[in-house]
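UniProt numbering puts the first residue of the sequence shown at 1, with every later residue one more than the last. Where a beta carbon is used, it is the ideal one built from N, C-alpha and C, also for glycine.
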Amino acid sequence: MTPTDQTSAEDIVVIVNAENAIIEVAEGWTTAAKRQGADAQLAPEQVKGLDLADYIGSEVTCVYYEAALKLCRMKNTAICREYRCDSPTHKRFMQVILTPKAEGCVEMRHRLLHESPFKQRLDLRFADREPKLKGFHLRCSLCNSIKLENQSEWLAPESLLTDQPQKLAVIHGVCPNCEATHWRSFSLVKHSAHK
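So this is what it looks like as structure tokens:
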């Protein structure tokens, strides 16, 4: 599968202004919010005017996306990259396309490329919201790899699955591999094969 400029009602589209405040969300946003049981909190009238950073899981990830939005504006061209946005039950391979608009606005289009089920449920919780879970682990906000406490290697989340459902407390950030991966012009990006 390769990126396409065709739109889908399933695409989650957010448009931010030059200050990264949300000025518009498309139907896919509402559909995704309903699926997650958050349609009231994420209703378009609730999010319009709020800072995009309010919806990004960590400061490190926020800085990463702020830099990408600046790059999109400076190059005045659409850029994209792939990422993972897993649910507790599924691996979900996604793509985000940043497209510059008038007056410094940028459209962020998130598209599901492929999903497959985990063999067991894996619940990843924000460490600061789950004080009962002992220890914490780092989780990359882009590829979902996890660096276990006191270890140096980043692992795919599915490699941590056992026969029993698990809960892990995580702090979101960006792993070195994703940090080194550059955004590409939208027209040049090829979809990589996933396992």
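If you draw a straight line from the Cα of K119 to the Cα of P157, it comes to about 12 angstroms. In the structure shown, T181 falls within a coil segment according to DSSP collapsed to helix, strand and coil.
The count of Cβ pairs closer than 8 angstroms, one atom from the region 136-155 and one from the region 78-98, reaches three, so the stretches are in contact. The alpha carbon of F93 has as its nearest neighbour, out of S185, L52, H114, the alpha carbon of H114. The beta carbon of W154 sits closer than 6 angstroms to the beta carbons of S145, K147, C175 from its chain, once the five residues preceding and following it are set aside; these are given in chain order.
By the Cβ rule, the region 53-65 does not count as touching the region 30-40, because fewer than three pairs are nearer than 8 angstroms. Counting only residues of its own chain and dropping the five nearest sequence neighbours on each side, R184 has a CB closer than 8 angstroms to the CB of I79, C80, R81.
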